[in-house]
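Accompanying notes for the structure given below.
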Amino acid sequence: MASNSKTLRSPLQIARGLGSAKHGTEHWWHQRVTAIALVPLTIWFVFGVIRHLGADHAAFVAWLESPFSALMMVLTAVVTFHHAQAGLQVVIEDYVHNEMAKILSILAVKSLCFVLGAACVIAVLKISFGA
Amino acid sequence: MANGSGRPLSPHLQVYKLPRTAILSITHRITGVGLAVGTLLLTWWLVAAATSPAAYERAQHFIGSFFGLLLMFGWSLALYYHLCNGIRHLVWDAGKSFELSEAERGNQIVIGAAAVLTVLTWVIGLAVW
Chain A
74 MASNSKTLRS PLQIARGLGS AKHGTEHWWH QRVTAIALVP LTIWFVFGVI
124 RHLGADHAAF VAWLESPFSA LMMVLTAVVT FHHAQAGLQV VIEDYVHNEM
174 AKILSILAVK SLCFVLGAAC VIAVLKISFG A
Chain B
44 MANGSGRPLS PHLQVYKLPR TAILSITHRI TGVGLAVGTL LLTWWLVAAA
94 TSPAAYERAQ HFIGSFFGLL LMFGWSLALY YHLCNGIRHL VWDAGKSFEL
144 SEAERGNQIV IGAAAVLTVL TWVIGLAVW
């Protein structure tokens, strides 16, 4: 660590609290929380998709008109996109080393995840409320 | 090692045979990115269903086409792999199963579970479709 040459403070002092990135373990923790939530949500989603393979529009709408199905689908979409943007950010940070390209691609990925996630939520709500 | 310092060099991808744990690790990342791309289809599916019966039919028609089914197969395998290996990562996060023998056993469980779940899903899926 460069600071060692000028100071007697140990690197541990700098790393404590929120650490050098000033985000602490929050990003890592969010990935884990969403991963745990996605285990039951994914199992529900897979069963739901299998049960509605080849379903016509009326049957599909009837599925998502149920408040429980709508709730589960909204949660699946929101948590999936949260998990996806967190994971994709780490992938970009690992492989894109040009600072401007890194920030721009992270912003692009996060924006896209927000837009797609919002589109999924609005679609489910529209079906569920029968609009 | 070749740099003359006597200190170990980090392995270079072109001359280093990746251990199985490393292959599974990078596969976790690749399937994660692939699944993120797959959310485009999920969004199209839900938005189409909310738009009109005709739009929904177009999405269903694409998913049921040969190319659509190929994508669905890839995504189902990727989903099960990422799910199973993700659970293994949570086990590691809990501080367990770090011994090499346990890691190798984990490799086999993850590969086996992902393969079995994928085949099972497609057998049931094609039967009820």
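Protein chains in written order, with the working numbering: chain A, 74 to 204; chain B, 44 to 172.
Even for Gly, the Cβ is constructed at its ideal location relative to N, Cα and C.
Since we're looking at a predicted model, the values are computed, not measured.
task: Report the neighbours of Y124 of chain B on chain A: residues whose CB is nearer than 7 Å to its CB, in chain order.
output: Near Y124 of chain B there are no residues of chain A at all, since even the closest Cβ is about 12 Å away, more than 7 Å.
Classification of Y99 of chain B by the beta-carbon crowding that lies within 10 angstroms, buried from 16 upward: Buried, because 16 or more other Cβ atoms sit within 10 Å of the Cβ of Y99 of chain B.
Any chain B beta carbon closer than 8 Å to A110 of chain A: Chain B contact via Cβ: absent.
task: Compute the beta-carbon to beta-carbon distance between A170 of chain B and C127 of chain B, rounded to the nearest angstrom, for a pair I have assumed lies under 8 Å.
output: Your pair A170 of chain B and C127 of chain B does not check out as a contact, with CB atoms roughly 23 Å apart and the cut at 8 Å.
message: For H125 of chain B, report the span of its alpha helix (DSSP H) as first-last.
response: Taken as a continuous stretch (DSSP letters only), the alpha helix (DSSP H) holding H125 of chain B covers 109-136.
field: Residue-level contact to chain A via CB, L133 of chain B, 8 Å cutoff
entry: Yes - at least one Cβ of chain A is within 8 Å of the one on L133 of chain B.
message: Against A192 of chain A, what residues of chain B qualify as contacts under a CB-to-CB distance less than 7 Å, listed in chain order?
response: Result: T86, V90.
task: For my contact list, L67 of chain B and N150 of chain B are in at a C-beta cut-off of 8 Å; report their separation, rounded to the angstrom.
output: About 6 Å separates the two Cβ atoms, so the contact holds.
- prompt: Should T74 of chain B be flagged as near chain A, meaning a C-beta pair shorter than 8 Å?
  reply: Taking 8 Å as the CB threshold, T74 of chain B stays off the interface with chain A.
task: Go ahead and pull the three-state DSSP assignment for Y99 of chain B.
output: Correct three-state label for Y99 of chain B: helix.
- request: Provide the residue span of the alpha helix (DSSP H) that contains A132 of chain A, from first to last.
  value: Per DSSP, the unbroken alpha helix (DSSP H) holding A132 of chain A starts and ends at 130-138.
query: What is the DSSP secondary structure of F187 of chain A, counted as helix, strand or coil?
result: Looking at F187 of chain A - three-state DSSP - the assignment turns out to be helix.
query: Buried or exposed: where does Y168 of chain A fall if 16 or more other Cβ atoms within 10 Å of its Cβ makes it buried?
result: Exposed.
message: Among the candidates A:V197, A:L161, A:I200, A:C193, whose CA atom is the shortest distance from the CA of H100 of chain A?
response: For the residues A:V197, A:L161, A:I200, A:C193, the minimum Cα distance to H100 of chain A belongs to A:L161.
query: Taking the alpha-carbon positions, what's the R131 of chain B to V153 of chain B distance?
result: Each residue's Cα considered, the two are about 8 Å apart.
message: Is A79 of chain B close to chain A? Criterion is C-beta to C-beta, closer than 8 Å.
response: It does; some Cβ of chain A falls within 8 Å.
task: Under the assumption that V147 of chain A contacts V188 of chain A (Cβ atoms under 8 Å), give the Cβ distance between them as a whole number of angstroms.
output: Contact doesn't hold; Cβ gap of about 16 Å is too wide.
- request: Please list, in chain order, all residues of the same chain as F118 of chain A whose beta carbon is under 7 Å from its beta carbon, the five residues on each side excluded.
  value: Its chain contains T149 as the residues whose beta carbon lies nearer than 7 Å to that of F118 of chain A, once the 5 sequence neighbours on both sides are disregarded; these appear in chain order.
- request: Check whether the Cβ atoms of H156 of chain A and A108 of chain A lie closer than 8 Å to each other.
  value: In this structure, A108 of chain A lies closer than 8 Å to H156 of chain A by Cβ.
message: Once DSSP output is grouped into helix, strand and coil, what is the label at L56 of chain B?
response: In the displayed model, L56 of chain B falls within coil according to three-state DSSP, outside both helix and strand.
- request: Mind listing the chain B neighbours of G199 of chain A? Cutoff is C-beta to C-beta under 8 Å, in chain order.
  value: A small correction: the amino acid at residue 199 of chain A is Lys; Gly does not occupy that position in the sequence shown. One finds A93 in chain B with Cβ atoms closer than 8 Å to the Cβ of K199 of chain A, taken in chain order.
- prompt: Any idea what DSSP makes of P113 of chain A, helix, strand or coil?
  reply: The answer is helix: DSSP assigns P113 of chain A an H, G or I state.
message: For T64 of chain B and G129 of chain B, what's the separation of their Cα atoms in angstroms?
response: Going by the C-alpha atoms only, they are around 13 Å apart.
query: Where P140 of chain A and L89 of chain B are concerned, what is the direct C-alpha to C-alpha distance, given to the nearest angstrom?
result: Straight-line spacing of the CA atoms in P140 of chain A and L89 of chain B works out to 16 Å.
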